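Report on the structure given below.
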Amino acid sequence: MTQFRTLALARRWFAISLIVAWLSPLAGWSQVPVGPRIAANDTSGHGAQVVYEAGAVHLGTSRVFIHVYKTGLGHEHGVMGRLKQGHVVLNDNSGGGELVFDMPSFDADSDEARRYVGLTGSTDASTREQVNANMHGAGVLDTHMYPTATFKIASVTKLAELSRRGLPQYQLDGAFVLHGTTAPIGIVVDAEPRSGWLHLRGGFSILQSSYGIKPFTKAFGAVGVADRLDIWGDLWVAGERLVVQQVPSR
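First residue of the sequence shown? That's 12 in the numbering used here, and the numbers climb one at a time after it.
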């Protein structure tokens with residue numbers, strides 16, 4: 012009887028080891044590789060190849076961050092949003108592009124957004140809901156009427172000086188369209204090459220009033236946000252024509 016029991020136990024452990032060995036290669040599917048590899052326009056999850064032409068922005072991993080300053084007894088906020096579409100070509104002679112901001116996607120005071128703009132602490136869900144309602148409402152961004160903002164890049168100039176990270180820098184000049192108003196802007200970005208992608212990071216400042224937006228206030232002005240906004244782009248752009256394999260999302 013003991014011999015049969017030992018044999019059955021051995022068979023059971025052998026079967027378990029086969030299952031573990033079979034599953035081990037699949038475990039890596041839950042790990043997203045360094046750099047963007049998940050296609051924003053292909054959610055099939057069937058391992059399809061996706062082509063990114065040079066300059067194409069990877070929408071799934073690119074983000075826009077905004078630092079909202081306070082007035083009076085107000086609070087500073089960190090806001091994070093996505094792009095709806097975009098392409099950026101870093102070329103002195105024929106460089107340019109366009110970035111279309113998906114305004115309804117902008118979300119205030121997530122921990123990630125606050126950390127990115129240099130704020131500490133966390134904001135509770137109820138407060139975030141109220142801040143988002145004010146931000147998206149008709150009195151501020153009015154994202155129902157203006158669902159997109161656009162940076163139209165007219166020219167690109169490579170700068171001689173490296174960034175603080177020791178990376179090449181580029182001056183992007185063009186027009187920013189927000190809330191139905193267009194104004195010229197210039198942005199300096201640095202570009203970090205990573206596995207065929209360019210990680211672009213840079214920012215600029217605007218005055219809300221320059222775009223017909225009245226900065227939010229309440230309590231007769233005792234609580235409010237400042238006119239100035241600091242805006243950063245943290246983008247992944249194809250540095251060359253890339254054919255990538257779809258990676259299943261977590």
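Cβ coordinates follow ideal geometry from the N, Cα and C atoms, glycine included.
Note that this is a predicted model, so its numbers are computed, not measured.
- Query: Taking the continuous beta strand (DSSP E) assigned at T192, which residues delimit it?
  - Reply: Start at 1 with the first residue of the sequence shown, and residue 192 comes out as number 181. Residues 192-205.
- Message: I need the boundaries of the beta strand (DSSP E) containing S116, first residue and last residue.
- Response: Residue mapping note: residue 116 aligns to position 105 of the sequence shown, counting from 1. Looking at the DSSP string, the run of the beta strand (DSSP E) that includes S116 is 107-119.
- Query: When the Cα atoms are used, what is the spatial distance from E64 to G85?
  - Reply: As a position in the sequence shown, residue 64 is number 53, starting the count at 1. As a position in the sequence shown, residue 85 is number 74, starting the count at 1. Roughly 44 Å separates the two Cα atoms.
- Segment contact flag, the segment 201-220 with the segment 123-137, C-beta cutoff 8 Å, min 3 pairs: no
- If we call anything under 8 Å between Cβ atoms a contact, is F76 one with D201? Working through the sequence shown from its first residue, we reach residue 76 at position 65. Working through the sequence shown from its first residue, we reach residue 201 at position 190. No, the pair does not count as a contact, with Cβ atoms beyond the cut-off.
- Message: Checking the sheet assignment: what are the DSSP bridge partners for L94?
- Response: The residue you call residue 94 lines up with position 83 of the sequence shown. BP columns for L94 point to F112.
- Message: Buried or exposed, going by whether 16 or more other CB atoms sit within 10 Å of the CB of R252?
- Response: Here residue 252 is taken as the residue at index 241 of the sequence shown, counted from 1. Looking at its Cβ environment, which holds fewer than 16 other Cβ atoms inside 10 Å, R252 is exposed.
- Query: Is the number of C-beta pairs between the segment 142-154 and the segment 162-169 that are closer than 8 Å three or more?
  - Reply: no
- Task: Answer with buried or exposed for R175, where buried requires no fewer than 16 other C-beta atoms within 10 angstroms of its C-beta.
- Result: By one-based count along the sequence shown, residue 175 stands at place 164. Exposed.
- Taking C-beta to C-beta, are G235 and T72 nearer than 8 Å? Counted from its first residue, the sequence shown places residue 235 at position 224. Counted from its first residue, the sequence shown places residue 72 at position 61. No, the Cβ-Cβ distance between G235 and T72 is not below 8 Å.
- Tell me whether the beta-carbon of F215 lies closer than 8 Å to the beta-carbon of G185. Sequence index remark: in the sequence shown, residue 215 carries index 204 (1-based). Sequence index remark: in the sequence shown, residue 185 carries index 174 (1-based). Against a cut-off of 8 Å, the Cβ pair of G185 and F215 comes out as no contact.
- When burial is assigned at 16 or more other CB atoms within 10 Å of the CB, is V255 buried or exposed? In the sequence shown, residue 255 corresponds to position 244, counting from 1. Under this definition V255 is a buried residue.
- Can you list the beta strand (DSSP E) stretches of 3 or more residues lying completely in the segment 58-91, in chain order? Fully enclosed beta strand (DSSP E) runs of 3 or longer: 60-63, 74-83.
- Residues of its chain near L173, where Cβ-Cβ distance is below 7 Å and the 5 sequence neighbours each way are ignored: Here the question's residue 173 lines up with position 162 in the sequence shown. Excluding sequence neighbours, L173 sits near P179, Q180.
- Message: Helix, strand or coil, according to DSSP, for V254 in the structure here?
- Response: Position 243 of the sequence shown, counted from the first residue, corresponds to residue 254. Here V254 sits in strand by DSSP.
- Alpha carbon to alpha carbon, how far is Q96 from E109? For this step, residue 96 is matched to residue 85 along the sequence shown. For this step, residue 109 is matched to residue 98 along the sequence shown. Near 8 Å, if we compare the C-alpha coordinates of E109 and Q96.
- Where Y127 sits in the DSSP three-state scheme: Translated into positions along the sequence shown, residue 127 becomes position 116. It is helical.
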